[in-house]
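> Mind having a look at this structure? Questions to follow.
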Amino acid sequence: MKKITLIILCLFGFSNIAFSQTYTTGSMQLFSDEDYNFSAKIDVTSTLVTLTLSGPDGKYLALGFGNPNDLGGTPRGMIVGNDVVIYDGTNLSDRYFGLEGMTPGTNAQGIEPSVDDNQDWTIVSNTIDGETGNREIVATRLPDTGHDGDYVFSAGAASLDLVWSFGFTYTIAYHGGNRGITMQSFTLSTDSVEATPNKFYISPNPAHSRLNLHLTQSIENAYVSVFDVLGKRVYRGEISTLSSSIDVSKWNSGIYLVRVFNDNVTLTKRFVKQ
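Residues 2 to 275 (my numbering) are what the sequence shown spells out, left to right.
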């Protein structure tokens, strides 16, 4: 019995370490001129990918994930079979470059990306910046969905090729010069729980009926989202006080990811529902 207990405690300890580390690209300025700005950010933990897109309202926003590929000048990532997401004014559409039946790894330029059978991204927030007029989309999914064609993210120091574009309207069509490619590196985020252990805590943990959330200092315009182990959001709310409480009595037993965030910081902790 002691051995079993020790193993369980060790597993929870390793789980805490894994949950505490967030690897991020940081904010990536993809396009900027006197009229438009388009940026993106990708945060990865062992259990969740958080994608933030910020771009001109009224236009589709697209970001593709891939590996270096030279196809005689084809932008890296814009090849048949590579993963891409497009915000179309309503949904963050999970897609892939090319058409069904095309040879993987070949040129997919000039072809509207095909819609995936499985839509894995969940929009966490969808807001308009009153000052810049930019639309900001925050969405999440599992690092490895298990679905063919979906890019597998790793919670570690790595590089990633990206291809991006935004349209003239929400209609998915040729983007003109509003496109580009970039390579970005993931680094350990200074906003990870391990780096900021005193920003918030949960009690009791584990819990049966209520999750009490306590901030050690005020965070302006803060929200809390809770996700199950499959990456599905089960709760979202605004945080207006240092202490708040969430009814979890109807939640299934298991491990959940609690994320406190605003425009400048993202904090994450693990919660166990008994």
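By construction, the Cβ of each residue, glycine as well, lies at the ideal position given by its N, Cα and C atoms.
1. With burial defined as no fewer than 16 other Cβ atoms inside 10 Å of the residue's Cβ, what is the status of M79: buried or exposed?
2. Tell me the DSSP bridge mates of M103?
3. Taking DSSP as the reference, what is the three-state secondary structure of T25?
4. Between K60, D95, F201 and N83, which has its C-alpha nearest T217's C-alpha?
5. Starting from P114, follow the beta strand (DSSP E) in both directions and report where the run begins and ends.
6. Mapping the DSSP letters down to three states, classify Y97 as helix, strand or coil.
7. From A1 to A208, what distance separates their C-alpha atoms?
8. Enumerate in chain order the residues of its own chain whose CB-to-CB distance from N92 is below 8 Å, with the five nearest sequence positions on each side excluded.
9. Note down, in chain order, each residue of its chain lying with its Cβ closer than 8 Å to the Cβ of L72, except the 5 sequence neighbours on either side.
10. Hey, how far is the Cα of D248 from the Cα of F228?
11. Please report how far the alpha carbon of V261 lies from the alpha carbon of T269, in whole angstroms.
12. Where do the N-terminal and C-terminal ends of the beta strand (DSSP E) with Y257 fall, by residue?
13. Would you list the one or two residues that DSSP bridges to D229?
14. For the region 39–54 and the region 154–165, state whether three or more C-beta atom pairs, one from each stretch, are separated by less than 8 Å.
15. Just the C-alpha distance for D118 and I87, rounded to the nearest angstrom, thanks.
16. Look up D248 in the DSSP assignment and say whether it is helix, strand or coil.
17. Once DSSP output is grouped into helix, strand and coil, what is the label at S88?
18. Kindly indicate which residue of S254, G177, S226 and T188 has the alpha-carbon position closest to the one of S210.
19. Would you say W252 and V235 are within 8 Å of each other, going by their C-beta atoms?
20. P114 to D84, Cα distance in whole Å?
21. If we count the other Cβ atoms within 10 Å of its Cβ and call it buried at 16 or more, is Y257 buried or exposed?
22. Find out if the Cβ-Cβ distance for the pair V164, I138 is shorter than 8 Å.
Quick answer:
1. buried
2. According to DSSP, which records beta bridges pairwise, M103 is partnered with nothing at all.
3. strand
4. F201
5. No beta strand (DSSP E) contains P114, which DSSP labels as neither H nor E.
6. strand
7. Look at the range of the chain in this structure, 2 to 275, and you will see that residue 1 is not part of it.
8. Q120 and I124
9. Legend: pLDDT at L72 = 45, less than 50; position of this residue unreliable, value from coordinates given subsequently. For L72, where only same-chain residues beyond five positions count, the Cβ hits under 8 Å are I80, G106, T107 and N108.
10. 14 Å
11. 6 Å
12. G255 to F262
13. Y257
14. yes
15. 15 Å
16. strand
17. Checking the sequence shown, residue 88 turns out to be Tyr, not Ser. Here Y88 sits in strand by DSSP.
18. S254
19. yes
20. 9 Å
21. buried
22. no
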